[in-house]
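Undergrad:
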Amino acid sequence: MVVANQPDVVVIDKHQKTVVLIDVAIPSDSNIRKKEHEKLEKYQGLKEEIERMWGMKATVVPVVIGTLGAVTPNLNVGGAPAGFHEGCSLQLVPPEDGPRKY
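Residues in the sequence shown are numbered consecutively from 3, following the working numbering.
(1) Tell me the rounded alpha-carbon separation between His39 and Lys19.
(2) What does the alpha-carbon distance come out to for the pair Ile52 and His17?
(3) On a CA-only basis, which of Tyr45, Gln8, Ile24 and Asp31 is nearest Thr74? Give me that one, please.
(4) Roughly how many whole angstroms lie between the Cα atoms of Val5 and Gln46?
(5) Alpha carbon to alpha carbon, how far is Glu43 from Ile14? Give it in angstroms, no decimals.
(6) How many Å lie between Thr69 and Val22 at the Cα?
(7) Distance check for Trp56 and Asp25, CA to CA, integer angstroms please.
(8) Please work out which residues of its chain come closer than 8 Å, Cβ to Cβ, to Lys37, disregarding the five sequence neighbours upstream and downstream, and give them in chain order.
(9) By the DSSP assignment, the alpha helix (DSSP H) with Ile24 in it spans what residues?
What follows is the structure in structure tokens.
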């Protein structure tokens with residue numbers, strides 16, 4: 003059963019027959035591992051459904067960055083994140099005008 007069906011980004015590679023489901027969260031630094039685990043569980047049903055219906059290999063990539071910049075080792079900033087081939091890299095680029103103040 004699919005509980006969550008709207009990840010933030012979906013990357014479909016028709017040649018490699020792969021789908022990468024990306025969901026972004028910005029929790030407090032002390033909750034990054036918990037949030038990463040929640041994201042993996044949240045999209046597990048959608049991952050399985052895509053694999054079954056589309057016949058493609060699907061991967062869930064939670065991009066969890068703490069409010070002060072902490073990341074889990076699974077994110078692999080600067081290298082290929084899980085689900086992407088070795089030529090890809092994840093770059094974190096702040097807005098040109100700096101952080102937004104509310």
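Idealized CB from N, CA, C, for every residue including glycine.
TA: Let me spell this out:
(1) Spanning the two alpha carbons is a distance of roughly 25 Å.
(2) Their backbone Cα atoms lie some 16 Å apart in a straight line.
(3) That would be Asp31, whose Cα lies nearest to the Cα of Thr74.
(4) Taking the straight line joining both Cα atoms gives about 9 Å.
(5) Using only the alpha carbons, I get a separation of about 21 Å.
(6) Going by C-alpha positions, Thr69 is about 24 Å away from Val22.
(7) Taking the straight line from one Cα to the other gives about 20 Å.
(8) Contacts found: Ala27, Pro29, Pro64 and Val66.
(9) Taken as a continuous stretch (DSSP letters only), Ile24 belongs to no alpha helix (DSSP H), being part of the beta strand (DSSP E) at Thr20 to Ala27.
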